[in-house]
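**Q** Following my numbering, the numbering of the sequence shown begins with 87 at its first residue and continues without gaps.
A virtual CB, placed ideally from N, CA and C, is assigned to each residue, including glycine.
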Amino acid sequence: MLNKQIRSVLFAGVAAMAVTACGADDVASPGEGTIVLPAPTPTPTPTPTPTPTPPTGGPAADCPTGTANVGTITTGNGEEVRNCQISGVITSNLTVPKRDGTIYSFSGAVEVGVDGGTTGIMTIEPGVVIFGSSGGDFLLVNRGSQLFAEGTAADPIIMTSRQNILGTTGVNSIGQWGGVVILGRAPISDCATGGASNPGGTRTDCEAIVEGPSNAVYGGTLPADSSGRMSYLQVRYPGFEVSPGNELNGITLAGVGSGTFFQNIQVHNSSDDGVEWFGGRVNGKNLVMTGIDDDSVDSDSGFQGNNQFVLVVQRAGGGDHVMEADSNGDEDAEPRQRHRLANVTFVSSGQDHVILLRGGGDYEFYNSVFNSPAACIDIDSATTIQAAGAAADENGPPVFESLFMSCATAFVDDGNITAAQIQTLFNAGSNNTESGTSTLANSAAAFAFINGATENAVTPFAVSGVDVFFEDVSYIGAVQDANDTRFQGWTCGLYADDCATAPTIG
Numbered sequence: 087m088l089n090k091q092i093r094s095v096l097f098a099g100v101a102a103m104a105v106t107a108c109g110a111d112d113v114a115s116p117g118e119g120t121i122v123l124p125a126p127t128p129t130p131t132p133t134p135t136p137t138p139t140p141p142t143g144g145p146a147a148d149c150p151t152g153t154a155n156v157g158t159i160t161t162g163n164g165e166e167v168r169n170c171q172i173s174g175v176i177t178s179n180l181t182v183p184k185r186d187g188t189i190y191s192f193s194g195a196v197e198v199g200v201d202g203g204t205t206g207i208m209t210i211e212p213g214v215v216i217f218g219s220s221g222g223d224f225l226l227v228n229r230g231s232q233l234f235a236e237g238t239a240a241d242p243i244i245m246t247s248r249q250n251i252l253g254t255t256g257v258n259s260i261g262q263w264g265g266v267v268i269l270g271r272a273p274i275s276d277c278a279t280g281g282a283s284n285p286g287g288t289r290t291d292c293e294a295i296v297e298g299p300s301n302a303v304y305g306g307t308l309p310a311d312s313s314g315r316m317s318y319l320q321v322r323y324p325g326f327e328v329s330p331g332n333e334l335n336g337i338t339l340a341g342v343g344s345g346t347f348f349q350n351i352q353v354h355n356s357s358d359d360g361v362e363w364f365g366g367r368v369n370g371k372n373l374v375m376t377g378i379d380d381d382s383v384d385s386d387s388g389f390q391g392n393n394q395f396v397l398v399v400q401r402a403g404g405g406d407h408v409m410e411a412d413s414n415g416d417e418d419a420e421p422r423q424r425h426r427l428a429n430v431t432f433v434s435s436g437q438d439h440v441i442l443l444r445g446g447g448d449y450e451f452y453n454s455v456f457n458s459p460a461a462c463i464d465i466d467s468a469t470t471i472q473a474a475g476a477a478a479d480e481n482g483p484p485v486f487e488s489l490f491m492s493c494a495t496a497f498v499d500d501g502n503i504t505a506a507q508i509q510t511l512f513n514a515g516s517n518n519t520e521s522g523t524s525t526l527a528n529s530a531a532a533f534a535f536i537n538g539a540t541e542n543a544v545t546p547f548a549v550s551g552v553d554v555f556f557e558d559v560s561y562i563g564a565v566q567d568a569n570d571t572r573f574q575g576w577t578c579g580l581y582a583d584d585c586a587t588a589p590t591i592g
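(1) Does the region 165 to 182 touch the region 207 to 226, meaning 3 or more C-beta pairs lie closer than 8 Å?
(2) Taking the DSSP output, what are the residues bridged to ALA302?
(3) Thinking GLY305 and ILE274 are a contact (beta carbons under 8 Å), I'd like their distance in whole angstroms, please.
(4) From GLY522 to CYS493, what does the alpha carbon distance come to, in whole angstroms?
(5) Going by DSSP, which residues form a beta bridge with PHE326?
(6) Could you check which residue in SER382, TRP363, GLY331, PRO150 has the C-alpha nearest to that of ALA272?
(7) Does DSSP put SER550 in a helix, a strand or coil?
(8) Give me, in chain order, the residues of the same chain whose beta-carbon lies closer than 7 Å to that of THR590; leave out the 5 immediate sequence neighbours on both sides.
(9) Which residues does DSSP list as the beta-bridge partners of THR376?
(10) Taking the beta carbon of ASP621 as the centre, do at least 16 other beta carbons fall within 10 Å, making it buried, or is it exposed?
(11) Between GLU118 and GLN262, what straight-line distance do the alpha-carbon atoms span, to the nearest angstrom?
(12) I'd like the list of long-range same chain contacts for ALA340, defined as Cβ closer than 6 Å, with 5 residues on each side in sequence excluded.
(13) State the Cα-Cα distance for the pair GLU557 and GLN352, rounded to the nearest angstrom.
(14) What is the residue span of the beta strand (DSSP E) that THR246 lies within?
(15) Using 8 Å as the Cβ pair cut-off and three pairs as the minimum, do the region 246 to 253 and the region 196 to 205 touch?
(16) Do you know how far the Cα of GLY187 is from the Cα of ARG444?
(17) Which of helix, strand or coil does DSSP assign to ASN517?
(18) Using CA atoms only, rank isn't needed, just tell me which of ASP412, SER529, VAL328, MET316 is closest to SER220.
(19) Could you pull out every residue in the same chain whose Cβ sits closer than 7 Å to the Cβ of SER560, ignoring the five residues on either side in sequence?
(20) Please classify GLU165 as buried or exposed, where buried requires at least 16 other C-beta atoms within 10 Å of its C-beta.
(21) Helix, strand or coil for ASN179 per DSSP?
(22) What does the Cβ neighbour count give for VAL455, buried or exposed, with the cut at 16 atoms within 10 Å?
(23) Leaving aside the five residues before and after GLY144 along the sequence, list all residues of the same chain whose C-beta is less than 7 Å from its C-beta, in chain order.
(24) Tell me the residue span of the beta strand (DSSP E) that contains ASN155.
(25) Can you tell which of ILE189, ALA195, GLY194, VAL175 has its C-alpha closest to the C-alpha of GLY206?
(26) Leaving out five residues on either side along the sequence, give the residues of the same chain with a beta carbon under 7 Å from the beta carbon of ALA474.
(27) If we require 3 or more residues per run, which beta strand (DSSP E) segments fall completely within the region 449 to 530?
(28) Given a cut-off of 8 Å on the beta-carbon distance, is the pair HIS425 and ASP464 in contact?
(29) Please state whether the Cβ-Cβ distance between LEU580 and THR376 is less than 8 Å.
(30) Which residue's Cα is closest to the Cα of THR151: THR158, TYR190, THR160?
(31) Please report the residue range of the beta strand (DSSP E) in which ASN429 lies.
(32) Roughly how many angstroms lie between the CA atoms of THR577 and PRO242, to the nearest whole one?
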């Protein structure tokens, strides 16, 4: 996460620090270029390009329009498949189809559209597998363009690393390719140029350079902006440090508006954050973060949105905070952050606190489970616990309702906001358990995240009254019991040790 000062420096000078300037080892494989796809013929109905029928059990004969044939690759499963490379800037409509015997690869910074210029749309069909070979390979969707990556529960889309395709990843493999960056035109609070947006997002001059890519801008005045639809998507082994303190996350959502659909998403073993929200208004449901090396859930820069059914399990010896909420150093910036979460299960490895709330935002937790061999809650900054109304769009101190905690230490006293102050806020809610005994379990894998008797004994809070986005269920946490199939089928690593296994291409 970058603070305001770093973002300002980046906006002024980071254009000279392109991702591909990180050294020869960080540059993607050959074949980079600009993809300019032909505009649709208005009349008459064009004859479609025939899709070749691949030989049964072998690689496809060639590659779809808009991708480059760069030979074949043999996966860790022994499949030989055609490698169809995607590179450059997509300035029209590109469909990445699911085809037998075909895998896809990102080469360098693959951009959808041009900020302030030609827009593009990238559509990825269910079951498609795409890999990157280095930290310089990543997908970036610019403002005004869209990504439609909609898999299904039985056929998720998988974006992963070349090592994973070859079957050489392990439990501690991280940061093997760049990740996904989505840039939108919704309001943000931390500006590299212009002044802070008003709560309603009426100003036009609050923009910033996103963390990671060079000179990529986000922010605007369209709260309901749509960057497309993402669902049943796995992002495995992403994350890359472009420069000290400037990293690519697993998925970055920067200034992304509420018109964007973001549900059924997994990020696995990212070297930086799992999902990070920089401002914007996008909501998310059914989100899974496993094995993340930094913060699994990170919100910043005036983000205002809702998340429900969020499951985070850190790997042994890895991870920072499960959730960091921040606009550190920009406590008075508006729009003030408001992040509301319901039915989350946060299982920490104990490398740091479960949650760190700071930066003067508003944070609300409903029907949730925190588990850690270390501490549960740390709150910093007096502005974070101010009463409602101190700022133009302030809703008050953190809210905790029907929260079950099982941690070695409930509240952190670090000389900032005291443990007693945090405890007072915690006790202001209903049905909260400060120091419970965890009965989280999972008979199928090492990760314990399924509710047991003590978690299911907590009376849930009626979250539909908080926001229409939330749905009321009869339990707290992300997974009610062994019969709850919410995350089964489209994720890896939760119910079997299968993330490191090369995906089957077919």
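**A** Looking at the coordinates:
(1) Yes, they touch.
(2) As a working mapping, residue 302 is identified with position 216 in the sequence shown. Bridge partners of ALA302: none, in fact.
(3) In the sequence shown, the residue the question calls residue 305 occupies position 219. In the sequence shown, the residue the question calls residue 274 occupies position 188. Between ILE274 and GLY305 the Cβ distance is about 4 Å, and since that is below 8 Å, they are a contact.
(4) Start at 1 with the first residue of the sequence shown, and residue 522 comes out as number 436. Start at 1 with the first residue of the sequence shown, and residue 493 comes out as number 407. Here the alpha carbon of GLY522 sits roughly 8 Å from the alpha carbon of CYS493.
(5) In the sequence shown, counting from the first residue as 1, residue 326 sits at position 240. DSSP output for PHE326 lists LEU334 as bridge partner(s).
(6) Within the sequence shown, numbered from 1, the residue matching residue 272 stands at position 186. Nearest neighbour of ALA272 by Cα position, chosen from SER382, TRP363, GLY331, PRO150, turns out to be TRP363.
(7) For the purposes of this step, residue 550 is identified with residue 464 of the sequence shown, where counting begins at 1. SER550: helix per DSSP, three-state reduction.
(8) For the purposes of this step, residue 590 is identified with residue 504 of the sequence shown, where counting begins at 1. ASN163, listed in sequence order.
(9) The count along the sequence shown starts at 1 and reaches residue 376 at position 290. Within the DSSP secondary-structure output, THR376 pairs in a beta bridge with HIS354, VAL399.
(10) Past the boundaries of the shown model lies residue 621; the chain is included only from 87 to 592, so the question cannot be answered.
(11) Counting from one through the sequence shown, the residue named residue 118 turns up at place 32. Counting from one through the sequence shown, the residue named residue 262 turns up at place 176. For GLU118, the predicted model reports a pLDDT of 33, less than 50, meaning its position is unreliable; a value from the coordinates is still stated below. When rounded, the distance between both Cα atoms is 19 Å.
(12) In the sequence shown, the residue the question calls residue 340 occupies position 254. Excluding residues within five positions, the ones whose Cβ falls inside 6 Å are LEU269, VAL296, TYR304, PHE364.
(13) Translated into positions along the sequence shown, residue 557 becomes position 471. Translated into positions along the sequence shown, residue 352 becomes position 266. As the crow flies, the alpha-carbon of GLU557 is around 21 Å from that of GLN352.
(14) Here residue 246 corresponds to residue number 160 of the sequence shown, with the count starting at 1. THR246 -> beta strand (DSSP E) spans 243 to 247.
(15) Contact fails: fewer than three Cβ-Cβ distances are below 8 Å.
(16) By one-based count along the sequence shown, residue 444 stands at place 358. By one-based count along the sequence shown, residue 187 stands at place 101. The alpha-carbon atoms of ARG444 and GLY187 are separated by roughly 49 Å.
(17) Position 431 of the sequence shown, counted from the first residue, corresponds to residue 517. In the three-state reduction of the DSSP assignment, ASN517 falls in the coil class, being assigned neither a helical nor a strand state.
(18) Residue mapping note: residue 220 aligns to position 134 of the sequence shown, counting from 1. The shortest Cα separation from SER220 among ASP412, SER529, VAL328, MET316 belongs to VAL328.
(19) Walking along the sequence shown from the start, residue 560 turns up at place 474. For SER560, where only same-chain residues beyond five positions count, the Cβ hits under 7 Å are PRO546.
(20) Position 79 of the sequence shown, counted from the first residue, corresponds to residue 165. It is buried - the Cβ of GLU165 has at least 16 other Cβ atoms within 10 Å.
(21) Residue numbering aside, residue 179 sits at position 93 when the sequence shown is read from its first letter. ASN179: strand per DSSP, three-state reduction.
(22) Reading the sequence shown from its first residue, position 369 is the one you call residue 455. Within 10 angstroms of the beta-carbon of VAL455 lie 16 or more other beta-carbons, which makes it buried.
(23) Here residue 144 corresponds to residue number 58 of the sequence shown, with the count starting at 1. Apart from sequence neighbours up to five positions away, the residues of its chain that approach GLY144 with a beta-carbon distance below 7 Å are GLU166, GLY187, ordered along the chain.
(24) The count along the sequence shown starts at 1 and reaches residue 155 at position 69. Its beta strand (DSSP E) spans residues 154 to 160.
(25) Taking the first residue of the sequence shown as 1, we reach residue 206 at position 120. Considering only alpha carbons, the answer is VAL175.
(26) Taking the sequence shown and counting its residues from 1, one reaches residue 474 at position 388. Here the set comprises GLU480, ASN481, GLY482.
(27) DSSP assignment within the region 449 to 530 yields the following whole beta strand (DSSP E) runs of 3 residues or more, N-terminal first: 485 to 497.
(28) For the purposes of this step, residue 425 is taken as the residue at position 339 of the sequence shown. For the purposes of this step, residue 464 is taken as the residue at position 378 of the sequence shown. Going by C-beta atoms, HIS425 is not nearer than 8 Å to ASP464.
(29) In the sequence shown, counting from the first residue as 1, residue 580 sits at position 494. In the sequence shown, counting from the first residue as 1, residue 376 sits at position 290. Yes, they are a contact pair.
(30) If you number the sequence shown from 1, residue 151 lands on position 65. Comparing alpha carbon positions, the residue from THR158, TYR190, THR160 closest to THR151 is TYR190.
(31) By one-based count along the sequence shown, residue 429 stands at place 343. If you look at ASN429, you'll find it in the beta strand (DSSP E) that goes 424 to 433.
(32) Here residue 577 refers to the residue found at position 491 of the sequence shown. Here residue 242 refers to the residue found at position 156 of the sequence shown. If you take the alpha carbons of THR577 and PRO242, they lie about 8 Å apart.
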